[in-house]
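Read top to bottom, the protein sequences are chains L and H.
Each residue of the first sequence is one higher than the one before, counting from 1 in my numbering.
Each residue of the second sequence is one higher than the one before, counting from 199 in my numbering.
Here the structure comes first, spelled out in structure tokens, and everything after it is commentary.
2 protein chains.
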Amino acid sequence: MADVNFNKQSHPGAGAGSSAVGDRARGDTPRSSSDVPYDLIELLFFAYRDFTSDPDDVLAEFGFGRAHHRVLHFVDRNPGMMVTDLLGILKITKQSLGRVLKQLVDQGYIEQRPGASDRRQRLLHTTAKGHGLALQLARLQTERLDRAILGLPDDAADTVRRFLLQMIDPETRDEVAQLIRKDTAAGGPASIKALDQT
Amino acid sequence: MADVNFNKQSHPGAGAGSSAVGDRARGDTPRSSSDVPYDLIELLFFAYRDFTSDPDDVLAEFGFGRAHHRVLHFVDRNPGMMVTDLLGILKITKQSLGRVLKQLVDQGYIEQRPGASDRRQRLLHTTAKGHGLALQLARLQTERLDRAILGLPDDAADTVRRFLLQMIDPETRDEVAQLIRKDTAAGGPASIKALDQT
DNA sequence: AAATTTACGTCAGCCATATTGACATATTTC
DNA sequence: GAAATATGTCAATATGGCTGACGTAAATTT
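In structure tokens, the structure reads:
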């Protein structure tokens, strides 16, 4: 029954009743499978890993990592945002942000402009170069998302949106919804705004 | 328009036309928003982060990290699995695995038993202690998943499963489906097996 | 006007997790 | 007997987090 075999072929000389994997039949731990949705848990793990892998590959060519992607993405999506806001979104320390942000600025992907009304601020913007890269990465993820929704019922995308939104901590859910809304709100019928009620 | 404000209040003395954030109105980069589902992209980011945060907190108390969780989880779910299989699932190097696995073994969460038919193998099993921890962590994630599905249509869980499965690289999708199936297959009407067709 | 808070930035060190490459050992398969 | 497989280990390196401590400029409060 239970066989893993994530790699090559099965364990060939499996003469005995149960070979390498899966001696659950021989009375292992009773597996209190209870009501845990292991499939969802594992699907999330694999889906997210592959989801990030496309951008990761591209970024590696630039000498960047996933951390750079996050920064680039949110700055590109929220031009003129404050450093503090970015820290709040990413939930990392300013020291951690500082490193990657500096590289992105030094290499001309992100620009900092002093705030007009508050000159302490260094408002963040992507340059044309930075926007281009951000868009390239977003497109990779778009392709994967589009493929994932193919063949699913019409309301699937909406269901997934609701599901994901409700996976977020209730305390920050509204903030996230607001942050995300932006360019989406005006758009199609699947506005996140409609989800706030739940 | 576009305002971030993930943290505190708005930028108070916003006298001028557009203050700190959101000078898109002043003609920033034209935002080729095109057809990119930014909301989904960002929801995935936030949802996954919060999803992993519950276990992370518990693991920290044990001096463990997310890496330990992954190992513990898959070993618990696939008792008797080979190290090679685990490497294939996690897609990390044996050196990386070695470190965390050793800690889990040394501290009595995981047991290694020589393979019956192939004595080179060190088949992995969780101990009672290890199973307990694995279950505790899984339950935390279950709570969140249950909350996320609350209020969604009856077929939502199934839709989400299909979506996540199709987010996975086509090349490995079947293997993942097989791996996941296990205890799920026999269960409810929402068997992953049914998704393989797509 | 002085005191405090806020928005940054930076230096310095530590930790977890992942990588590559090289080797070693036991066992199984061809 | 040779080759492939399963596993482990030593050593060096990179990334991306963290804490703690300071420092400076500008805004807000008192």
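For each residue, glycine too, the CB sits at the ideal point set by N, CA and C.
By the CB criterion at 8 Å, residue 79/L and residue 126/L fall inside the cutoff. Of all residues in the segment 241-262 of chain H, only 241, 242, 244, 245, 246, 248 and 249 come within less than 7 Å of chain L when Cβ atoms are compared, listed by chain position.
Listed by position along chain L, the residues whose Cβ is nearer than 7 Å to that of residue 234/H are 138, 139 and 142.
Identification of residues in the segment 103-123 of chain L having a C-beta nearer than 7 Å to some C-beta of chain H yields 115, 116, 117, 118, 121 and 123, given in sequence order. With fewer than three CB-CB distances shorter than 8 Å, the segment 343-362 of chain H does not count as touching the segment 264-274 of chain H. Per DSSP, the unbroken beta strand (DSSP E) holding residue 312/H starts and ends at 308-312.
Annotated three-state conformation of residue 340/H is helix, per DSSP.
Of the candidates 244/H, 234/H, 367/H and 233/H, the residue whose Cα lies closest to the Cα of residue 178/L is 244/H.
Note on residue 150/L: under 16 other CB atoms within 10 angstroms of its CB, so exposed under the neighbour-count rule. Scanning chain H for C-beta atoms nearer than 8 Å to the C-beta of residue 67/L yields nothing, as the closest lies near 12 Å away. Inter-residue distance for residue 360/H and residue 331/H is about 29 Å (C-alpha atoms, whole angstroms). Assignment of residue 365/H by DSSP, reduced to helix, strand and coil, places it in the helix class.
Not a single C-beta of chain H is nearer than 8 Å to the C-beta of residue 93/L.
Judged by DSSP secondary structure, residue 348/H falls outside any beta strand (DSSP E); it is assigned neither H nor E. Look at residue 99/L here: in three-state DSSP terms it is helix. Counting every other CB atom within 10 Å of its CB across the protein chains shown gives residue 312/H a total below 16, marking it as exposed. Assigned with DSSP and collapsed to three states, residue 162/L falls in helix. Taking a cut-off of 8 Å for Cβ pairs, the segment 48-67 of chain L and the segment 139-146 of chain L touch, as three or more such pairs fall below it. Taking 9 Å as the upper bound on Cβ-Cβ separation, chain L lies near residues 343, 344, 345, 346, 347, 348, 349, 350, 351, 353, 354, 355, 357, 358, 359, 360, 361, 362, 363 and 364 of the segment 343-364 of chain H.
Rounded to whole angstroms, residue 263/H and residue 257/H show a C-alpha spacing of 6 Å.
By the rule that beta-carbons nearer than 8 Å mark a contact, residue 83/L does not touch chain H. Here residue 307/H is not near residue 292/H, since their CB atoms are 8 Å or more apart. As the crow flies, the alpha-carbon of residue 296/H is around 10 Å from that of residue 303/H.
Apart from sequence neighbours up to five positions away, the residues of its chain that approach residue 285/H with a beta-carbon distance below 7 Å are 292 and 295, ordered along the chain. Within chain L, the residues 50 have their CB atoms less than 7 Å from the CB of residue 367/H, given in chain order.
By the C-beta density criterion, residue 283/H is buried, having at least 16 other C-beta atoms within 10 angstroms.
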